[in-house]
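Numbering (my numbering), first residue to last: 103 to 234.
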């Protein structure tokens, strides 16, 4: 079994949507895994959402553009990536009230506030989180 098929099989079998390059270190070396992930991005099987972070991708049926395959959308992918990196976060007041059920108003997008510093930019489609 080749490195490419092992990486692709692990992605297919996973219930997660966000992957880091470190998730595949038991398959091959750092550079080899990086090359295989780049090939999967080039073939539009994965989207690169940040340094060493990838998500499953699919084509939008209406526009034909590539988008995250997560049913939770861009916000769900960003939350999964933040949790994968071990970053503490909270939601802003209005988003939290909507999540708790205290408000009937639903925000257009959830505002995420990170509690500690990290130097990564995570971008999914047109949604981004960037903390310095």
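Quick reminder that beta carbons are idealized off the backbone N, C-alpha and C, glycines included.
Asked	Found
Using the C-alpha atoms, what's the distance from residue 143 back to residue 126?	15 Å
Which residues in the same chain have their Cβ closer than 7 Å to the Cβ of residue 191, if we skip the five residues on either side of it in sequence?	184, 214, 215, 216 and 217
Quick check on the burial criterion: 16 or more other C-beta atoms within 10 angstroms. Buried or exposed for residue 145?	exposed
For residue 211, which residues of its own chain have a beta-carbon under 7 Å away from its beta-carbon, when the five flanking residues on both sides are left out?	177 and 229
With a threshold of 8 Å on Cβ separation, who are the neighbours of residue 227 within its own chain once the five nearest residues in sequence on each side are excluded?	169, 170 and 176
Can you tell me whether DSSP reads residue 111 as helix, strand or coil?	helix
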